[in-house]
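Written out below as structure tokens is the structure these notes cover.
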Amino acid sequence: MRHLGESIPIDDIIAFSGRLAGIGWHLQLHFESSFVHDLAPALLRSPVPVVIDHMARVD
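Take a look at the structure:
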């Protein structure tokens with residue numbers, strides 16, 4: 012997201028989500044809606060539930 016600065020590679024995020032599973036947390040992400048189809052395969056690999064946050068930016 013341009014308004015948030017540089018992003019973290021999705022593979023790094025999915026690797027980190029393994030640590031969340033051990034404490035019963037979910038993964039919450041915020042990204043441009045145009046990326047959802049490209050990110051979907053990686054998000055499906057997450058060992059925890061994934062929440063896609065829109066932060067009231069519905070467009």
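Residue numbers 12 to 70, in my numbering, belong to the letters of the sequence shown in order.
Where is the CB? At the ideal position from N, CA and C, for every residue including glycine.
Remember, predicted model here, so these are calculated numbers, not experimental data.
Exercise for the section: Kindly indicate which three-state DSSP category V47 falls into: helix, strand or coil? Expected result: To locate residue 47, count along the sequence shown from 1; it is residue 36. Residue state, collapsed to three classes: helix.
Problem - Contact under 7 angstroms by Cβ, L31 with L40 - result: Position 20 of the sequence shown holds residue 31. Position 29 of the sequence shown holds residue 40. Cβ atoms of L31 and L40: not closer than 7 angstroms.
Handout entry: beta-carbon E43 near the ligand ATP non-hydrogen atom, thresh 6 angstroms
Key = No copy of the ligand ATP occurs in the structure displayed, which carries no ligand at all.
Exercise for the section: Check whether the Cβ atoms of S45 and I25 lie closer than 7 angstroms to each other. Expected result: Here residue 45 is taken as the residue at index 34 of the sequence shown, counted from 1. Here residue 25 is taken as the residue at index 14 of the sequence shown, counted from 1. Going by C-beta atoms, S45 is not nearer than 7 angstroms to I25.
Handout entry: Own chain partners of F42 with C-beta closer than 8 angstroms, once the 5 adjacent residues on each side are dropped
Key = The residue labelled residue 42 in the question sits at position 31 within the sequence shown. Closer than 8 angstroms at the Cβ level, and outside the excluded window around F42, lie M12, S18, L50 and I63.
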